[in-house]
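S.K.: So that we are looking at the same thing, I have put the structure below in structure tokens.
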Amino acid sequence: MSSPTTGPFGIEHLLAESRAKFERVDPEQAAELQREGGLIIDIRPESNRLAEGAIPGALTVERIVLEWRLDPSGQHRLAGIRPHQPVVIVCNEGYASSLAAAQARELGLTRATDLIGGFRAWKAAGLPVETAVAA
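Residues 1 to 135 in UniProt numbering are what the sequence shown spells out, letter by letter.
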């Protein structure tokens, strides 16, 4: 019988499989990647950004359209997105972002990763946070 983390099924299996595809970064590493020209992409719902704040300079992309915005060859991609550019995907606590980062790699973003602990870890680390503005 399979354990929940080695399944063939279940979210824990999918999460472990996704995270095995890349090296995740902590808040300080994410900030360094951003300083070096990498993108931070915040996929949290607007309500979370308004309640908790946002990472300065992060792009906000709703999860529902993320793959279309991250496809380096797609017509709906983010302006300037390049296949070998560092991209750090951020959610609340680092779960949905792991799944999204694995998907981004499948789209051709070879340096896509996610933030361990998500936005809440960034904020707890004392890194800059700005007040989010409603779209």
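Where a beta carbon is used, it is the ideal one built from N, C-alpha and C, also for glycine.
For the segment 20-33 and the segment 101-118, state whether three or more C-beta atom pairs, one from each stretch, are separated by less than 8 Å.
M.R.: Yes, they touch.
S.K.: Do the CB positions of Leu-78 and Ala-112 come within less than 9 Å of each other?
M.R.: Contact: no.
S.K.: Going by beta carbon distance, what residues of the same chain come within less than 6 Å of Ala-102, once the five residues before and after it are set aside?
M.R.: The answer, listed in chain order, is Ser-18, Lys-21.
S.K.: On a Cα-Cα basis, can you pick out the residue from Ser-73, Pro-72, Ile-81, Arg-63 that is closest to Asn-92?
M.R.: Checked all of Ser-73, Pro-72, Ile-81, Arg-63; the closest Cα to Asn-92 is Arg-63.
S.K.: Would you list the residues sitting across from Leu-42 in a DSSP beta bridge?
M.R.: Checking the displayed sequence, the identity of residue 42 turns out to be Asp instead of Leu. Asp-42 is bridged to Thr-60, Val-90.
S.K.: Rounding to the nearest angstrom, what Cα-Cα distance links Val-90 and Glu-67 in this structure?
M.R.: Straight-line Cα distance between these residues: approximately 14 Å.
S.K.: Find the nearest neighbour of Arg-82 within the set Ala-96, Thr-60, Ala-31, Arg-105, judged by alpha-carbon distance.
M.R.: Minimum Cα distance to Arg-82 is reached at Arg-105.
S.K.: If you reduce the DSSP assignment to three classes, tell me which class Glu-36 lands in.
M.R.: In this structure, Glu-36 counts as coil in the three-state DSSP scheme.
S.K.: Since Ala-31 and Leu-127 are thought to touch, with beta carbons under 8 Å apart, how far apart are those beta carbons, to the nearest angstrom?
M.R.: Confirmed, Cβ separation roughly 6 Å.
S.K.: Can you have a look at Gly-80 and say buried or exposed, based on whether 16 or more other CB atoms are within 10 angstroms of its CB?
M.R.: By the 10 Å Cβ count, Gly-80 comes out exposed.
S.K.: Leaving out the 5 sequence neighbours to the left and right, which residues in its chain are closer than 7 Å to Gly-74 when beta-carbon positions are compared?
M.R.: Within the same chain, Gly-74 has close Cβ partners Trp-68.
S.K.: Does DSSP put residue 219 in a helix, in a strand, or in coil?
M.R.: Nothing can be reported for residue 219: it is not among the residues displayed for the chain, which extend from 1 to 135.
S.K.: Return the Cβ separation of Gly-57 and Gln-34 in integer angstroms, given the expectation that the two are a contact with Cβ distance under 8 Å.
M.R.: With 8 Å as the limit, Gly-57 and Gln-34 qualify as a contact, their Cβ atoms being about 6 Å apart.
S.K.: Which stretch, first to last residue, makes up the alpha helix (DSSP H) that contains Ile-11?
M.R.: Ile-11 -> alpha helix (DSSP H) spans 11-19.
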